[in-house]
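J.: Per numbering that gives the first Met the number 0, the very first residue in the sequence shown carries number 0; after that it's consecutive.
Every residue, glycine too, gets a C-beta built ideally from N, C-alpha and C.
Below: one structure in structure tokens.
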Amino acid sequence: MPLTREDVAGIAEYARIGLTDDELTEMTSYLNDAVDLLDPLLAYDLEDVEPTFHPIGDLVNVVRDDVVVAGLSLEEALANAGSKRGRAFRVPAILSDGGAA
Numbered sequence: 000m001p002l003t004r005e006d007v008a009g010i011a012e013y014a015r016i017g018l019t020d021d022e023l024t025e026m027t028s029y030l031n032d033a034v035d036l037l038d039p040l041l042a043y044d045l046e047d048v049e050p051t052f053h054p055i056g057d058l059v060n061v062v063r064d065d066v067v068v069a070g071l072s073l074e075e076a077l078a079n080a081g082s083k084r085g086r087a088f089r090v091p092a093i094l095s096d097g098g099a100a
């Protein structure tokens, strides 16, 4: 059952995404194409397959206690910096003409 424009408009509204009429048409087609890609999965007989809620199944013991260790000193952290200014890394600006900050 394909998604309608109203379905996609509802999804967009729920996600607070504004779509123009053209974008709504394009997104409806795109999402229907994506759903169609799942059709081959329906060919599998999964009647007796139990759902898995974790990709590794019954994995246990995946939590460890946090161990507090000393971090790097300022000198160690800046030791291999390509460029630094005082107590900070110096990096190219991303909101200007590309000069160093």
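Are the beta-carbon atoms of residue 23 and residue 42 separated by less than 9 Å?
T.: The residue labelled residue 23 in the question sits at position 24 within the sequence shown. The residue labelled residue 42 in the question sits at position 43 within the sequence shown. No, Cβ-Cβ distance for residue 23 and residue 42 is not below 9 Å.
J.: According to DSSP, is residue 39 helix, strand or coil?
T.: For the purposes of this step, residue 39 is identified with residue 40 of the sequence shown, where counting begins at 1. Correct three-state label for residue 39: helix.
J.: Buried or exposed: residue 101, going by 16 or more other Cβ atoms within 10 Å of its Cβ?
T.: Outside the shown range of the chain, which is 0 to 100, sits residue 101, and nothing can be said about it.
J.: Compute the distance between the beta-carbons of residue 11 and residue 26, then report whether it is under 9 Å.
T.: Numbered from its first residue, the sequence shown carries residue 11 at position 12. Numbered from its first residue, the sequence shown carries residue 26 at position 27. Yes. Within cutoff.
J.: Are residue 80 and residue 88 touching if we call contact CB-CB under 9 Å?
T.: Stepping through the sequence shown from its first residue, residue 80 is reached at position 81. Stepping through the sequence shown from its first residue, residue 88 is reached at position 89. Going by C-beta atoms, residue 80 is nearer than 9 Å to residue 88.
J.: With DSSP as the reference, label residue 84 as helix, strand or coil.
T.: On the sequence shown, residue 84 is found 85 positions in, with the first residue counted as 1. It is a strand residue.
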